[in-house]
Amino acid sequence: MAVDPTEPDARMHAIRPLLRRWLRTPELLILALAVVVAVAASSAVGLFSDRVARAMEDQSGEAFGADAAIRSREPLSSAVLEQLAPLSLRRAELIQFPSVAFKGEQSSLASVKATDAAYPLRGQLRTAPEPFGPERVEANGPPSGEAWVDLRLWQDLQLSLGDTLELGRGRFRVTRILSYEPDRGGGFTDLAPRMMVALEDIRESGLVGPGSRVQYKLLLSGARDQIEILKGIQWPPGVRFETAQEGRREIGGALDRARQFLDIAVLSAMLLAGAAIAASAHQHGQRLRDEAAIYKVLGATSRQIAQRSLLRLLGLALGAGLVGMLIGGLAQGVVAQAAQGLTQTALPPAQPLAALWSLALALLLVFGFAAPAFLTARHTPPVRVFQRTAPVGGSRLAAGVAALAAALLVGWHTGDAQLAGIVLAGTAAATLALGVLSWALVRSRAALRRRGGTALRFGLANIARRRWASVGQSVALGLALLALLLVGVVRSDLLGAWENRLPDDAPNQFLINIQTDQVAPLEAFFDARGVGGARLWPMTRARLVELRGEPVDADSFDDPEARRWVNREFNISWVDRFGDDNRLMRGQWWPADTRGEPWLSVDETAVERLDLELGDTLTLQIADRRLEVRVYNIRKVSWDSFRPNFFLVVPPGLIEDSAVQWLTSFHLRPDQRPLLRELIREFPNITALDLDAAIAQVRTILDRVVGAVEFLFLFTLAAGLTVLLAAIEGTRADRVRETALLRALGASNRTIHLGLLAEYAALGLVAGLVAALAAQVLGASLAERVFELPYRFSLTLWASGALGGAALVSALGWLSLQRSLRTPPRRVLAASG
Amino acid sequence: MQDIRWAVRAQSITHEVSSGDKRLTILDDVSLDIGQGESLAIVGRSGSGKTTLLSMLAGLDRPTRGRVELAGSDLGALDEDARARLRAGRVGFVFQSFQLLAGFTALENAQLGADLAGHRDAAERARTALAQVGLSARAGHHPYQLSGGEQQRVAIARAFAAGPTILFADEPTGNLDSATGAEIVELLFQLNRERGATLVLVTHDAELAARCNRMLSLSEGRLG
């Protein structure tokens, strides 16, 4: 009976034998496995990062109380409000100012926050009836006539519920303790004890008027496109626009770093998969040439053979790509589990579209690395059926181009070309070094073959006799070992260094508003109580008036951030030496004894904003005097060090006579916390900011990310193992033949096995040594250029690379070739007909 | 008592293999003695069991039943490794498809058997053997750079270098033209004549078979 090939059953009949044949072809299985691993790693990271990014947007909105805010020192003008009118945004208004709250005769400086009925737009307010009491979520701020206070004010004034607080002409009944405000943190007015009241009451209190130090804030919330429109508006001087993301610099930094670690896992998995694919494809190409010769004898054209090869590749890429995406989808669930707590809110569900990139990667990997070897089969002369010719190499240029394209694809996808460049250049350099060293080993065969027993001589002679095959195998093994060692370096050294960046004694308290005459007493206060390491930083306010001799104002710049900079006063400090959280990018540090030189040290961010170069002159207005300074050096500040830092810094002896405030940060153990109350009592004008919560959040992110990265490196390991397998598999057919022949000629089991071990141990040793060197160079390069972390070279890595490489490669070779080594000698006759 | 006048003795060897549910008899109660220095041709049609008999006689495989003695040792009492040790240096092979190692030069291939036999002067022996087969000039070439006849001459040099007492040849001229085949045959008989090595040939070629001291015909696993 004729079978309609379009019937599903008939199609299955056609597919099954094809699948069966593929499953019996080890090199195709390894090729598919490599694609699966690369795609799984890439889609897992893609999906997971997308979920985290969306969660962070939501979360930063909640931590900000809104999606965006407009701050100003004056009530917003009607012109500004008119610009907002056409947008569909929810609004909440609030004002903040420092004031003194009285309870009878007792008083305390308080940061007053007055909110309208719409506050908060995002996140929740939580209050409790007593210190550390059960919390309740509040839909809005306090009603008229009531005040909610935080624990600090509660303690300072020894309040009870129902007590009356006086603020200006207003009287407020204390009804709740404020335990959580979504938008607390950041600005200086947020640091003092909090007192929250209704906005309408403040308007009547007489506290807010011309000259008072009030910050007006209009919170906005709405769809993303509406917020995007806001970003494009040019705000008038004195008005500052900020989105939720910009307000969370330290968290964003940690997440960016996390993403870089995840990207390394994907990049290395991808490059390794490429190597495994190329090796397997090269091997399969030899098989295809035999097939192609027979097809040609039977009348097939080169074009038909090429089409067949391409279709096979397409099927392989899509099939393995889809399996990889499925595994990636499952894996991102595991990563999300490992990273639980990374974001305060639950992660939004995965968007499968975010993994489509990975399918493109599968196509690029397969067509880039495998197509050259597959397609050269079409040139096979039909005469090959009579006489096998010398093996033909694949197109190395095409594979190189594919490697570059794949790296660029990942680099573009991750948005970090530098990281992609370092990994790619490192791999290329390692490949070259591996090639040269392996060649040296091969060339040294004469010396090696004169030593040791028959087995050792035989194994080493094998390396020498295989020549380029040995070099290729050694390079592949070295790349796989490099990946394994790099995982080790990243795991133990880089992740460790990153975690250590935030040591247990990281500063967790900030003090601001310190007056010059309080510096010495404050230092004495710290000394007397054994609090060390608190360095005091002076600070004054300056405004930029001229750049490179030309007067500047907001209109001189297109960049909205730069406009904002020029519009307002910024903090400037002076130091004789910089801390280790400042890294010199250009120019040089000034000598520690420099005094009065008109030099300026600028952070990278400011350099980008104002488009500065070394030697540029800036004229700063500091109070009533003008000061011209020259850019002396450019530095990069690690803002997540939780230590005071400044965009602009000058040497001592230049601006000390200006109105100066000081600030400091230091570490306070939990048991030392009462000291804070003592400090505030002794220096009542000083404001303390407790950073413990922010540090805890960053630390949680670090811990979670390390877990997620470790899991993802399993994919890199898997990719490394596929390369090892591909390299070993590449010699299987030869080994089967050779083993049979050697046995026929009288070689014992021991000779054959020891020969194999000697061969692989020597290859593993060389590959391991070069891989250790490459892993360290890459590690150091990543630490220096990408992660900005300290890095130390380790001898242990060399030893573990060389010995571990020899052991691992021998063991894998032994295990995977066991069956081949059992080939009976009669096969040598069967093969001959 | 072992009789060392015989290079190979086979007594009632039968070999069966499974094919699905069926048992196929490849060799059926074959007995033969091959004297030292003798040249013997085994002839028969394709599928008659010639190659299987050769592999049993050389100890590459073991029969299902029966006894084979090689160089005075009962192969049935030896494991794979012991059989390999027995072959090393004593037994040489020449195959239809040459069986040279692809990554090895002609010299390295020729040296292989002598190496495995533990000859310290393996390289020197290989050079001499290559000279004997007229391939000194091609010592550094790889198999793919050699013609079929040259490859087979390297295979014979491999056998010469190890100095075997018995040489098994499986269709040694099967892949060669008649002129080249004749040269190869000459070399095989040279080894037999000059060194007294026993020569056991499996062939379709009646002319070649006729040059041997003795000819055995195999048909459906039985000696005719």
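Taken in order, these protein sequences are the chains called A and B. The numbering used here puts the first sequence at residues 439 to 1271. The numbering used here puts the second sequence at residues 4 to 227. Virtual Cβ for every residue (Gly too), placed ideally from N, Cα, C. No experiment lies behind these values; they were computed from the predicted model shown.
For a cutoff of 8 Å on Cβ pairs, would you count A:Gly1251 as touching chain B?
no
Look at the Cβ atom of A:Gly767, then the Cβ atom of A:Ala793, and state whether they are nearer than 8 Å.
yes
Rounding to the nearest angstrom, what Cα-Cα distance links A:Val1069 and A:Val1040 in this structure?
7 Å
Which runs of the alpha helix (DSSP H) spanning at least 4 residues fall entirely within the region 1230-1260 of chain A, listed in chain order?
1233-1259
Report the rounded CA-to-CA distance for A:Gly1193 versus A:Gly1168, giving the unit in angstroms.
18 Å
Are any of the Cβ atoms in chain A nearer than 8 Å to that of B:Gly116?
yes
Could you tell me the alpha carbon to alpha carbon distance between B:Gly47 and B:Ala134, rounded to whole angstroms?
34 Å
Report yes or no: is there a C-beta of chain B within less than 8 Å of the C-beta of A:Glu1167?
no
With DSSP as the reference, identify every bridge partner of B:Ser42, one or two as the case may be.
B:Leu202
On the criterion of 16 or more Cβ atoms from any shown chain inside 10 Å, does A:Gln787 qualify as buried, or is it exposed?
The residue you asked about is not Gln; residue 787 of chain A is Pro in the sequence shown. A:Pro787 comes out exposed.
Anything in chain B within Cβ reach of A:Ala1210, meaning under 9 Å, just list it in chain order.
Near A:Ala1210 there are no residues of chain B at all, since even the closest Cβ is about 28 Å away, more than 9 Å.
Leaving out five residues before and five after B:Ser15 in sequence, what residues of the same chain have Cβ atoms less than 6 Å from its Cβ?
Excluding sequence positions up to five before and after B:Ser15, its CB lies within less than 6 Å of the CB of Asp32, Ser34, Gly69, all in the same chain and listed in chain order.
Closer than 7 Å between beta carbons: that is the criterion. Which residues of the region 48-69 of chain B meet it against chain A?
Taking a C-beta cut-off of 7 Å against chain A, the contacting residues of the region 48-69 of chain B are Thr54, Leu57, Ser58, Leu63, Asp64, listed in chain order.
Return helix, strand or coil for B:Asp32, following the three-state DSSP convention.
Of the three classes helix, strand and coil, the one that applies to B:Asp32 here is strand, per DSSP.
If the cut-off is 8 Å on Cβ atoms, which residues from the region 1169-1185 of chain A count as contacting chain B, listed in chain order?
Asp1172, Arg1175, Glu1176, Leu1179, Leu1180, Arg1181, Ala1182, Leu1183, Gly1184, Ala1185
Suppose you measure from the CA of A:Glu984 to the CA of A:Thr1057; what does that come to, to the nearest Å?
5 Å
Out of curiosity, what's the CA-to-CA distance linking A:Phe995 and A:Thr565?
45 Å
My output table needs one value for A:Ala661: the three-state DSSP class, helix, strand or coil.
coil
Let me know the beta strand (DSSP E) ranges lying completely inside the region 59-138 of chain B, each 3 residues or longer, listed in chain order.
68-73, 94-97
For the alpha helix (DSSP H) holding A:Thr1189, just list the boundary residues, first then last.
1187-1219
Please go through the region 146-224 of chain B and give each complete beta strand (DSSP E) segment of 3 or more residues, from N-terminal end onward.
169-173, 201-206, 217-222
Taking only beta-carbon atoms, is B:Phe96 less than 8 Å away from chain A?
yes
Hey, which unbroken runs of the beta strand (DSSP E) at 3 residues or more fall wholly within the region 546-578 of chain A?
563-566, 574-576
Taking Cβ positions only, does B:Gln155 come closer than 8 Å to chain D?
Protein chains in the displayed structure are A and B, and chain D is not among them.
Is A:Pro1112 near A:Arg1033, with beta carbons less than 8 Å apart?
No, the Cβ-Cβ distance between A:Pro1112 and A:Arg1033 is not below 8 Å.
First and last residue of the alpha helix (DSSP H) that includes A:Ser516?
Start and end: 516-522.
Is B:Asp208 close to chain A, meaning its C-beta is less than 8 Å from at least one C-beta of that chain?
no
Would B:Thr67 and B:His18 qualify as a contact pair, given that the criterion is a beta-carbon distance under 8 Å?
Yes.
At the level of alpha carbons, what is the spacing between B:Leu219 and A:Leu872?
57 Å
Taking contact to mean at least 3 C-beta pairs separated by less than 8 Å, is the region 97-113 of chain B in contact with the region 206-222 of chain B?
no
Could you have a look at A:Pro1036 and say whether DSSP puts it in helix, strand or coil?
coil
For A:Glu984, write down the residues that DSSP places opposite it in a beta bridge.
A:Pro989, A:Thr1057
Just to confirm, is the Cβ distance from A:Thr978 to A:Val1098 under 8 Å?
yes
Relative to the alpha-carbon of B:Asp82, which residue among B:Val97, B:Val94, B:Arg65 has its alpha-carbon at the smallest distance?
B:Arg65
Just curious, the beta strand (DSSP E) that A:Glu584 is in, first and last residue?
584-587
Is the separation between the beta-carbon of A:Ile665 and that of A:Ala506 shorter than 8 Å?
yes
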